[in-house]
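Colleague:
Protein chains in written order, with the working numbering: chain H, 1125 to 1413; chain F, 3 to 260.
1) Against chain H, which members of the stretch 54-86 of chain F pass a CB distance test of less than 7 Å?
2) Leaving out five residues before and five after residue 1194/H in sequence, what residues of the same chain have Cβ atoms less than 6 Å from its Cβ?
3) Any idea what DSSP makes of residue 173/F, helix, strand or coil?
4) Taking only beta carbons into account, state which residues of the stretch 132-158 of chain F come closer than 7 Å to chain H, listed in chain order.
5) On the three-state DSSP scale, how would you describe residue 1355/H?
6) Alpha carbon to alpha carbon, how far is residue 1361/H from residue 1332/H? Give it in angstroms, no decimals.
7) Shortest alpha-carbon distance to residue 1280/H belongs to which of 1168/H, 1162/H, 1197/H?
8) Can you tell me which of the three DSSP states residue 105/F falls into?
9) In chain H, what lies closer than 8 Å to residue 93/F by C-beta?
10) Under 7 Å between C-beta atoms, does residue 1147/H make it to chain F?
11) Under a CB-based cut-off of 7 Å, is residue 1243/H close to chain F?
12) Would you kindly report the start and end of the unbroken alpha helix (DSSP H) that includes residue 207/F?
13) In chain F, which residues lie less than 8 Å from residue 1264/H when you measure between Cβ atoms?
14) Taking the C-alpha atoms as reference points, what is the distance between residue 83/F and residue 240/F?
15) Assuming residue 86/F and residue 217/F are in contact, meaning their beta carbons sit under 8 Å apart, how far apart are those beta carbons, in whole angstroms?
16) Is residue 180/F close to chain H? Criterion is C-beta to C-beta, closer than 7 Å.
17) Per DSSP, what kind of secondary structure is residue 7/F in: helix, strand or coil?
18) Taking its Cβ as the centre, do 16 or more other Cβ atoms sit within 10 Å of residue 1412/H, making it buried, or is it exposed?
19) Identify the continuous alpha helix (DSSP H) that holds residue 144/F and give its terminal residues.
20) According to DSSP, simplified to helix, strand and coil, what is residue 249/F?
21) With 7 Å set as the bound, which would you pick, yes or no: does the beta-carbon of residue 1256/H sit closer than that to a beta-carbon of chain F?
22) Quick check: the Cα distance between residue 58/F and residue 88/F, rounded to an integer number of angstroms?
23) Nearest-angstrom Cα distance between residue 1226/H and residue 1157/H?
24) Just to confirm my understanding: we take residue 1399/H, look at its own chain, exclude 5 residues before and 5 after, and list those with CB closer than 6 Å. What are they?
25) Go ahead and pull the three-state DSSP assignment for residue 237/F.
26) Whose CA, out of 1354/H, 1178/H, 1172/H, lies closest to the CA of residue 135/F?
27) Determine the burial state of residue 1166/H: buried for a count of at least 16 other Cβ atoms within 10 Å of its Cβ, exposed for fewer.
28) For residue 182/F, which of 258/F, 108/F, 6/F, 94/F has the nearest alpha-carbon?
29) In the DSSP assignment, find the unbroken beta strand (DSSP E) run with residue 2/F in it and report its ends.
30) Any Cβ of chain H within less than 7 Å of the Cβ of residue 40/F?
31) What does a CB cutoff of less than 8 Å around residue 1239/H pick up in its chain, not counting 5 residues either side in sequence?
32) Does DSSP classify residue 256/F as helix, strand or coil?
33) Based on Cα-Cα distance, which residue from 97/F, 15/F, 70/F lies nearest to residue 321/F?
34) Is residue 1144/H close to chain F? Criterion is C-beta to C-beta, closer than 7 Å.
35) CA-CA distance, residue 1298/H and residue 1408/H?
36) At the level of alpha carbons, what is the spacing between residue 1180/H and residue 119/F?
Written out as structure tokens, the structure reads:
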């Protein structure tokens, strides 16, 4: 059998559609998914950058404040929480409020990447059934949309920094590698949950139930030091590390090497698992929609 | 030179209902076993894990050379649209091989990437991006497309305010704004008034003249005779006859009468 004859037809189509030569064939367990991710990145970046914005704009079309409602509603939520929680747990507003706000901003991004990761393919079923294009488009679109929302929420960061005089340090810049890691996890979640949810429609509600519970179990409203007996709950919670790599830089601190290590290891492991699953079932997804 | 080659292509659609799709059901069926169905044409089957599937294409062999304009005829549900989608690369076949050489443009029905909240212009841009155009390419074609739709001031209104005919115009105008070597068309032009249909037909003819290969699935004999050089008659997921348009139509009518 020559090299050409075991090329799966579906692997040939996209670049031909774009009128491009197809690159050399890769053959390893994650190859199909990796090709999809690469083609989606290379040929369709303009597309998903545009639809990510459209998603936000259309939600707030006809509203005066537009996307800033995202910021306002999160701000109101944080204000309400601190109003109740500060006296309840007797915390110091100067340390607790930024901790809560930044943790919550990070949580918003991460938890939405999980819950929307479930819908990446389901929500785009009609397009997927009509057009041959890399499926990674819809994953990138979702991650990009939540990055835009995150950027809007950073306005709260600015307000709090000004109000509490927390001047940013060089460590604040660590939020960038933090965001990159979170986005890679977002892509993995899209590949993993998007594929599973297309096939099994009970998974989205299961996932949102779990995420809701994890909000309480992850140190966002509380600090790990406040409940020393529950150390394990924190250490074995993957969300803890993802929140920390965003929250600590926003607080002007550098996360420890341990946190970076676990977060990176998790990212790599998650990406490989998701990629293998996505590659295996990528061609079936359209049949499941 | 464009070419399309299908060898022994089989496509089966798994049919999930809300029950067989759920995890609970799947766990249960491991214990209780599923059900078996049958149908006269033998296209539905139940596999070992008790999933029902329909064979939409059954060992299709088809070679389309450059310069061929082929029409697919057959009753509803014989696999015409599925065949177009396999050529378009949307469905990867369960078995067999598909080799397509050439850039594809398609009009497969439905509204591609249409967002009702966005204006006509924004929708054109969105769909252009889906079709693989860059923003600059879209900007270059925008006025042509807008003009072709004849929507006037409506082009800046949200898409949800459009009538069915206006939507059809927009669909058609953008889908046919790209040059391609292989053109796939499913059914006629849907809603759209007489003047638009004339205009659309002219554009289709131009596209047909420019494209190396055209594959049309249609029930319109006028369209078949006008655009196609060859026709394929499909029944139950198979191509049962391939030949000149007249011969194939004769066979088709005979089968309808039977």
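For each residue, glycine too, the CB sits at the ideal point set by N, CA and C.
Bear in mind the structure is a predicted one, so any value in this text is a computation, not a measurement.
Modeller: Checking against the coordinates, here is how it stands:
1) none
2) Residue 1194/H sits at position 70 when you count from the first residue of the first chain. These residues qualify, in order along the chain: 1273, 1276.
3) The residue you call residue 173/F lines up with position 171 of the second chain. Reduced to three states, the DSSP call for residue 173/F is helix.
4) 132, 134, 136, 137
5) The sequence position of residue 1355/H within the first chain is 231, counting from 1. Reduced to three states, the DSSP call for residue 1355/H is helix.
6) Numbered from its first residue, the first chain carries residue 1332/H at position 208. Numbered from its first residue, the first chain carries residue 1361/H at position 237. Using only the alpha carbons, I get a separation of about 16 Å.
7) For the purposes of this step, residue 1280/H is taken as residue 156 along the first chain, with counting starting at 1. Of the listed residues, the one whose Cα sits closest to residue 1280/H is 1197/H.
8) As a position in the second chain, residue 105/F is number 103, starting the count at 1. Note: residue 105/F maps to coil in three-state DSSP.
9) In the second chain, residue 93/F corresponds to position 91, counting from 1. Within 8 Å of the CB of residue 93/F, the CB atoms of chain H belong to 1410, 1411, in sequence order along the chain.
10) Here residue 1147/H refers to the residue found at position 23 when the first chain is read from its first residue. Note that residue 1147/H scores a pLDDT of 48, beneath 50, so its modelled location is shaky and nothing firm can be said.
11) Numbered from 1 along the first chain, position 119 holds the residue referred to as residue 1243/H. Judged by the 7 Å Cβ criterion, residue 1243/H is not in contact with chain F.
12) For this step, residue 207/F is matched to residue 205 along the second chain. Where residue 207/F is concerned, the enclosing alpha helix (DSSP H) stretches over 196-212.
13) Here residue 1264/H refers to the residue found at position 140 when the first chain is read from its first residue. Residues of chain F passing the Cβ test: none, with the nearest at roughly 13 Å.
14) The residue labelled residue 83/F in the question sits at position 81 within the second chain. The residue labelled residue 240/F in the question sits at position 238 within the second chain. The alpha-carbon atoms of residue 83/F and residue 240/F are separated by roughly 13 Å.
15) For the purposes of this step, residue 86/F is taken as residue 84 along the second chain, with counting starting at 1. For the purposes of this step, residue 217/F is taken as residue 215 along the second chain, with counting starting at 1. With a Cβ gap of about 6 Å, residue 86/F and residue 217/F count as contacting.
16) One-based indexing of the second chain puts residue 180/F at position 178. So no, residue 180/F is outside the interface.
17) For the purposes of this step, residue 7/F is taken as the residue at position 5 of the second chain. Three-state DSSP puts residue 7/F in a strand.
18) Here residue 1412/H is taken as the residue at index 288 of the first chain, counted from 1. The residue in question, residue 1412/H, is buried, as its Cβ has 16 or more Cβ neighbours within 10 Å.
19) Here residue 144/F refers to the residue found at position 142 of the second chain. That run of the alpha helix (DSSP H) goes 137-151.
20) In the second chain, counting from the first residue as 1, residue 249/F sits at position 247. In this structure, residue 249/F counts as helix in the three-state DSSP scheme.
21) If you number the first chain from 1, residue 1256/H lands on position 132. With 7 Å as the cut-off, residue 1256/H counts as an interface residue toward chain F.
22) As a position in the second chain, residue 58/F is number 56, starting the count at 1. As a position in the second chain, residue 88/F is number 86, starting the count at 1. Computed Cα separation, rounded: 11 Å.
23) Along the first chain, read from residue 1 onward, the residue named residue 1226/H stands at position 102. Along the first chain, read from residue 1 onward, the residue named residue 1157/H stands at position 33. Roughly 34 Å between the two C-alpha positions.
24) Here the question's residue 1399/H lines up with position 275 in the first chain. So the qualifying residues of the chain are 1154, 1157.
25) Taking the second chain and counting its residues from 1, one reaches residue 237/F at position 235. In the structure shown, residue 237/F adopts extended strand secondary structure according to DSSP, grouped into three states.
26) Taking the second chain and counting its residues from 1, the one referred to as residue 135/F is at position 133. Selected option, being the one with the closest Cα: 1172/H.
27) As a position in the first chain, residue 1166/H is number 42, starting the count at 1. Label assigned to residue 1166/H: exposed.
28) The residue given as residue 182/F occupies position 180 in the second chain. The shortest Cα separation from residue 182/F among 258/F, 108/F, 6/F, 94/F belongs to 108/F.
29) Outside the modelled stretch of chain F, which goes from 3 to 260, sits residue 2/F, for which no answer is possible.
30) On the second chain, position 38 is the one that residue 40/F refers to. Low per-residue confidence applies at residue 40/F: pLDDT is 43, beneath 50, and the placement is therefore not dependable enough to give any value.
31) On the first chain, residue 1239/H is found 115 positions in, with the first residue counted as 1. Same-chain partners within the cutoff: 1328, 1331, 1332, 1335.
32) By one-based count along the second chain, residue 256/F stands at place 254. Here residue 256/F sits in helix by DSSP.
33) In the structure as shown, chain F starts at 3 and stops at 260, and residue 321/F therefore has no counterpart that could be examined.
34) On the first chain, position 20 is the one that residue 1144/H refers to. Because residue 1144/H sits at a pLDDT of 40, beneath the cut-off of 50, its placement in the model cannot be relied upon, and the following sentence gives the value as read from the coordinates. No, no contact with chain F.
35) The residue given as residue 1298/H occupies position 174 in the first chain. The residue given as residue 1408/H occupies position 284 in the first chain. Approximately 39 Å between the Cα atoms of the pair.
36) Along the first chain, read from residue 1 onward, the residue named residue 1180/H stands at position 56. Along the second chain, read from residue 1 onward, the residue named residue 119/F stands at position 117. Between residue 1180/H and residue 119/F, the C-alpha separation is close to 11 Å.
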